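From first to last, the protein sequence lines stand for chains A and B.
Each residue of the first sequence is one higher than the last, beginning at 7 in the working numbering.
Each residue of the second sequence is one higher than the last, beginning at 7 in the working numbering.
Backbone N, C-alpha and C fix where the C-beta goes; we use that ideal spot for every residue, glycine too.
On a predicted model such as this, the values are computed, not experimentally measured, just so you know.
Take a look at the structure below.
Number of protein chains: 2
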Amino acid sequence: MRIGMIGTGTVGRTLATAWARAGHAVVLGSRRHADALARTELSAALAAGVGVTDPASAAADADVVVNATPGTASVSALLAVGAAALEGKVLLDVGVGFDEEGGLSHPRESLGEEIQRTFPGTRVVKTLVTVDRELMIAPGSLEGPSTVFLSGQDPDAKHTVAGLLADLGWPKDSLLDLGGIATARGQEHYALLFMGIAGAIGSYGFGIRVVPPAGA
Amino acid sequence: MRIGMIGTGTVGRTLATAWARAGHAVVLGSRRHADALARTELSAALAAGVGVTDPASAAADADVVVNATPGTASVSALLAVGAAALEGKVLLDVGVGFDEEGGLSHPRESLGEEIQRTFPGTRVVKTLVTVDRELMIAPGSLEGPSTVFLSGQDPDAKHTVAGLLADLGWPKDSLLDLGGIATARGQEHYALLFMGIAGAIGSYGFGIRVVPPAGA
Chain A
7 MRIGMIGTGT
17 VGRTLATAWA
27 RAGHAVVLGS
37 RRHADALART
47 ELSAALAAGV
57 GVTDPASAAA
67 DADVVVNATP
77 GTASVSALLA
87 VGAAALEGKV
97 LLDVGVGFDE
107 EGGLSHPRES
117 LGEEIQRTFP
127 GTRVVKTLVT
137 VDRELMIAPG
147 SLEGPSTVFL
157 SGQDPDAKHT
167 VAGLLADLGW
177 PKDSLLDLGG
187 IATARGQEHY
197 ALLFMGIAGA
207 IGSYGFGIRV
217 VPPAGA
Chain B
7 MRIGMIGTGT
17 VGRTLATAWA
27 RAGHAVVLGS
37 RRHADALART
47 ELSAALAAGV
57 GVTDPASAAA
67 DADVVVNATP
77 GTASVSALLA
87 VGAAALEGKV
97 LLDVGVGFDE
107 EGGLSHPRES
117 LGEEIQRTFP
127 GTRVVKTLVT
137 VDRELMIAPG
147 SLEGPSTVFL
157 SGQDPDAKHT
167 VAGLLADLGW
177 PKDSLLDLGG
187 IATARGQEHY
197 ALLFMGIAGA
207 IGSYGFGIRV
217 VPPAGA
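Shown next as C-alpha cells:
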C-alpha cells in the first residue's frame with residue numbers, strides 16, 4: 007500500500023518507519039524536503055526505505071494519507087495539501103491538539119470531526135490517539151493485551167486501517183470499532199486521563215484494556 | 007463511618023445501600039424526605055438500613071459526604087447544604103455533568119475542581135466516575151480486574167475513600183491515585199470514551215484496566 011505521511015515529527019517518523027519495514031511504500035511529506043538538515047533528522051526513516059517529498063505530492067500519490075501533525079496545526083496543514091489530493095482517500099488521523107494550558111484544543115468536539123467536516127470527500131479514520139508513540143508500533147510490549155480504538159464513517163476505510171494496525175502488531179481482537187467519526191471525541195478526550203495515568207505510574211508506555219462483563 | 011449521601015437518584019441509592027450493607031451508618035439527604043412517594047422510591051435503601059433526612063442534616067452529621075447529584079446541579083445542591091456543614095469533611099464526588107447535546111458540562115475543566123474551588127475547606131475526592139452504577143458495587147462482575155481512579159488534594163481523604171471503595175469490593179491493587187483534584191478532569195472527560203465503548207460493545211457493564219509495560 008502507498009502511504010503518504012503528513013507530519014514529520016517523532017510520531018510520523020515512527021509510523022512511517024514501521025510501515026516501511028512491514029513492506030509498504032511510505033513517503034514523508036515535508037515542507038523542508040530539500041533541506042539537508044531536515045534530511046538528517048529523517049535519516050533513520052530514510053534508512054528504512056521511507057521516501058521524502060513535499061506534502062502535496064506525498065498525499066497525491068498515496069492510497070492512505072496519515073495525519074501526524076500537531077492537532078492545532080492539522081487542518082491548516084491538510085488545507086495546504088489540498089482537498090483534491092485527499093479526495094476519496096482514506097485519511098488515518100492520529101492527531102490531538104492541546105492549548106497553551108494543556109487543555110484540549112477541541113474541548114467541545116474533536117479534531118477528527120473537524121477534519122471530516124472540512125474534507126467531506128475524504129474518509130477519515132481516527133485511531134492510535136490513545137497510546138504513546140512507542141506503544142503504537144510495539145503493542146506487545148505491555149504485560150498483557152490492550153485495546154486500540156477506531157472511529158470513522160466508512161467501513162471500508164476502517165477495514166483498511168485495521169490492516170495497517172495489524173501490520174504494526176496489533177492483534178485483531180485488540181481493535182474496537184467505536185462507530186462514526188463523532189466517537190473520535192471519546193478517543194481525543196481520553197488524552198486527559200492518559201496524562202493523569204502517565205503521571206501516576208511514571209510511564210507513557212501503558213495501554214488500557216476494555217474489560218467486558220464476565221461471560222459476555 | 008457516618009456517610010451522608012447528597013443525591014437520591016439511582017447512583018446515590020445504589021451506593022447508600024451497598025455501604026449500609028457493609029456496616030456503615032448511611033443517611034440519604036433528600037429535599038423530599040418527608041414525602042411518602044419519595045420514601046416509596048427509596049424503599050430498597052430503607053430496607054437495607056439507610057436513613058433519610060434533609061440534605062443539610064445528612065451532611066452535618068456525616069464523616070464523609072457523597073455527591074451523587076447530576077453534575078449540572080451539584081454545585082447548587084452543595085451550596086444549599088452549605089459550606090459550614092461541609093467544612094473539613096471528606097467529600098466523595100461521583101458527579102459528572104452533560105449538556106443538552108450530550109457534551110460535557112465542564113469541557114475546559116472538571117466538576118471536581120469546581121466543587122473544590124467552591125468549598126476550599128472541604129476535602130474533595132473524585133472517584134467512581136469512570137464506571138457504571140452497577141459496576142461501582144460489583145467490580146468482580148467483569149471477566150478480569152479493572153482499574154478505578156482517585157483524584158484529590160488530601161492524602162488522608164483519599165485513604166478514607168480507598169477504604170470505602172474496598173467496602174464496595176474494589177481490590178486495593180485496582181485503585182490508581184492520579185494525584186491532585188486537577189486530575190479529575192481526566193476521569194470526567196473519559197465519559198465520552200465510556201459512551202463510545204458502551205455503544206460498541208452493547209453494555210455499560212464494562213471496566214478499563216490500565217495495562218503497564220511488561221516487567222514494570
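Cβ-based neighbour list, ALA68(A), same chain, cut-off 8 Å, excluding 5 preceding and 5 following: Walking along the first sequence from the start, residue 68(A) turns up at place 62. So the qualifying residues of the chain are ARG8, ILE9, GLY10, VAL33, LYS95.
Residue-chain proximity (ILE143(B), chain A), Cβ-Cβ < 8 Å: Within the second sequence, residue 143(B) is the residue found at index 137, counting from 1. False, the Cβ-Cβ gap to chain A never drops below 8 Å.
Interface flag, THR189(A) vs chain B, CB-CB below 8 Å: Residue numbering aside, residue 189(A) sits at position 183 when the first sequence is read from its first letter. Yes, THR189(A) lies at the interface with chain B (some Cβ there is under 8 Å from its Cβ).
Close-in-space but distant-in-sequence residues of the same chain around LEU141(B) (CB under 7 Å, 5 per side omitted): The sequence position of residue 141(B) within the second sequence is 135, counting from 1. Here the set comprises SER147, GLY211, GLY213.
Per-residue DSSP class, three states only, for ALA31(A): The count along the first sequence starts at 1 and reaches residue 31(A) at position 25. If DSSP states are grouped into helix, strand and coil, ALA31(A) belongs with the strands.
Span of the beta strand (DSSP E) around GLY10(A): For the purposes of this step, residue 10(A) is identified with residue 4 of the first sequence, where counting begins at 1. Boundaries of the beta strand (DSSP E) harbouring GLY10(A): 8-12, taken from the DSSP string.
Counted within 10 angstroms of its Cβ, other Cβ atoms place ARG19(A) as buried (16 or more) or exposed: Along the first sequence, one-based indexing puts residue 19(A) at 13. The residue in question, ARG19(A), is buried, as its Cβ has 16 or more Cβ neighbours within 10 Å.
Chain B contact residues for LEU148(A), given Cβ-Cβ distances below 8 Å: Working through the first sequence from its first residue, we reach residue 148(A) at position 142. What LEU148(A) touches in chain B: VAL217, PRO218, PRO219, ALA220.
is_contact[LEU184(A), chain B] using C-beta, thresh 8 Å: By one-based count along the first sequence, residue 184(A) stands at place 178. Interface residue, yes.
Buried or exposed (CB count within 10 angstroms, at least 16 for buried), SER49(A): The residue you call residue 49(A) lines up with position 43 of the first sequence. Flag for SER49(A) reads exposed.
Identity of the residue in LEU134(A), ALA188(A), SER180(A), PRO145(A) nearest ASP160(A) by Cα: Working through the first sequence from its first residue, we reach residue 160(A) at position 154. Among LEU134(A), ALA188(A), SER180(A), PRO145(A), the Cα nearest to that of ASP160(A) belongs to ALA188(A).
Where the alpha helix (DSSP H) through LYS164(B) begins and ends: For the purposes of this step, residue 164(B) is taken as the residue at position 158 of the second sequence. For LYS164(B), the enclosing alpha helix (DSSP H) starts and ends at 161-173.
PRO61(A) in three-state terms, based on DSSP: Counting from 1 along the first sequence, the entry for residue 61(A) is found at position 55. It is helical.
Under 8 Å from the C-beta of PHE104(A): neighbouring residues of chain B: Translated into positions along the first sequence, residue 104(A) becomes position 98. Chain-order list of chain B residues neighbouring PHE104(A): empty, with the shortest C-beta distance near 12 Å, by a criterion of under 8 Å.
Contact residues within the region 194-211 of chain A, judged by C-beta distance below 7 Å to chain B: For the region 194-211 of chain A, the set of residues with a beta-carbon nearer than 7 Å to any beta-carbon of chain B comprises HIS195, TYR196, LEU198, LEU199, MET201, GLY202, ILE203, GLY205, ALA206, ILE207, SER209, GLY211, in chain order.
Alpha-carbon to alpha-carbon, LEU181(A) and LEU198(B): Numbered from 1 along the second sequence, position 192 holds the residue referred to as residue 198(B). Numbered from 1 along the first sequence, position 175 holds the residue referred to as residue 181(A). When rounded, the distance between both Cα atoms is 18 Å.
Validate contact between the region 194-208 of chain A and the region 30-47 of chain B using beta carbons, cut 8 Å, 3 pairs: Result no; under three Cβ-Cβ pairs closer than 8 Å.
Any chain B beta carbon closer than 8 Å to ILE214(A): In the first sequence, the residue the question calls residue 214(A) occupies position 208. Yes - at least one Cβ of chain B is within 8 Å of the one on ILE214(A).
For ASP162(B), the nearest candidate out of LEU97(B), GLY55(B), GLY208(B) (CA to CA): Within the second sequence, numbered from 1, the residue matching residue 162(B) stands at position 156. Considering only alpha carbons, the answer is LEU97(B).
CB of ALA65(A) within 8 Å of CB of VAL58(A), strictly: Translated into positions along the first sequence, residue 65(A) becomes position 59. Translated into positions along the first sequence, residue 58(A) becomes position 52. At the C-beta level, ALA65(A) and VAL58(A) stay beyond 8 Å of one another.
Neighbour flag for ARG114(A) against chain B, beta carbons, 8 Å: To locate residue 114(A), count along the first sequence from 1; it is residue 108. ARG114(A) counts as touching chain B.
Test: GLY192(B) CB closer than 8 Å to a CB of chain A: As a working note, residue 192(B) is residue 186 in the second sequence. Chain A, which has a Cβ nearer than 8 Å to the Cβ of GLY192(B), makes this yes.
Helix, strand or coil at PHE104(B) according to DSSP, with G and I counted as helix: Counting from 1 along the second sequence, the entry for residue 104(B) is found at position 98. DSSP places PHE104(B) in strand when its eight states are reduced to three.
Those residues which DSSP pairs with ASP183(A) across a bridge: In the first sequence, the residue the question calls residue 183(A) occupies position 177. ASP183(A) pairs with LEU156(A).
Proximity of LEU84(B) and GLY103(B) at Cβ, strictly below 8 Å: As a working note, residue 84(B) is residue 78 in the second sequence. As a working note, residue 103(B) is residue 97 in the second sequence. With respect to the 8 Å criterion, LEU84(B) and GLY103(B) are not classified as neighbours on the basis of their beta carbons.
Distance between THR23(B) and GLY13(A) (C-alpha atoms, nearest Å): Residue 13(A) sits at position 7 when you count from the first residue of the first sequence. Residue 23(B) sits at position 17 when you count from the first residue of the second sequence. Here the alpha carbons of THR23(B) and GLY13(A) stand approximately 53 Å from one another.
Neighbour flag for SER152(B) against chain A, beta carbons, 8 Å: Against the second sequence, residue 152(B) aligns to sequence position 146. SER152(B) counts as touching chain A.
CB contact check: GLY18(B) to chain A, cutoff 8 Å: As a working note, residue 18(B) is residue 12 in the second sequence. Contact of GLY18(B) with chain A is not assigned, every C-beta pair being separated by 8 Å or more.
Cβ-based contacts, 9 Å cut-off: residues of the region 169-180 of chain A near chain B: Taking 9 Å as the Cβ-Cβ cut-off against chain B, none of the residues of the region 169-180 of chain A qualify.
C-alpha gap between GLY185(B) and ARG123(B), whole angstroms: Along the second sequence, read from residue 1 onward, the residue named residue 185(B) stands at position 179. Along the second sequence, read from residue 1 onward, the residue named residue 123(B) stands at position 117. Answer to the nearest angstrom: the Cα atoms are 16 Å apart.
Status (buried if at least 16 other CB within 10 Å, exposed otherwise) for THR16(A): Position 10 of the first sequence, counted from the first residue, corresponds to residue 16(A). Counting every other CB atom within 10 Å of its CB across the protein chains shown gives THR16(A) a total below 16, marking it as exposed.
Same chain only: Cβ atoms within 7 Å of ALA144(A), ignoring 5 sequence neighbours per side: The sequence position of residue 144(A) within the first sequence is 138, counting from 1. Cβ within range, chain order: GLY175.
Contact list for the region 80-106 of chain A against chain B, Cβ threshold 7 Å: Within the region 80-106 of chain A, no residue has a Cβ that lies closer than 7 Å to any Cβ of chain B.
Within chain A, the residues that GLY15(B) reaches when beta carbons sit closer than 7 Å: As a working mapping, residue 15(B) is identified with position 9 in the second sequence. Identification of chain A residues near GLY15(B) by a Cβ-Cβ cut-off of 7 Å yields none; the smallest Cβ-Cβ distance measures about 23 Å.
Nearest candidate by alpha-carbon position, reference ASP183(A), set ALA204(A), ARG139(A), ALA206(A), VAL216(A): Counted from its first residue, the first sequence places residue 183(A) at position 177. Among ALA204(A), ARG139(A), ALA206(A), VAL216(A), the Cα nearest to that of ASP183(A) belongs to VAL216(A).
For PRO218(B) and LYS132(B), the rounded distance between their alpha carbons: Here residue 132(B) refers to the residue found at position 126 when the second sequence is read from its first residue. Here residue 218(B) refers to the residue found at position 212 when the second sequence is read from its first residue. If I take the Cα positions, the gap works out to 23 Å.
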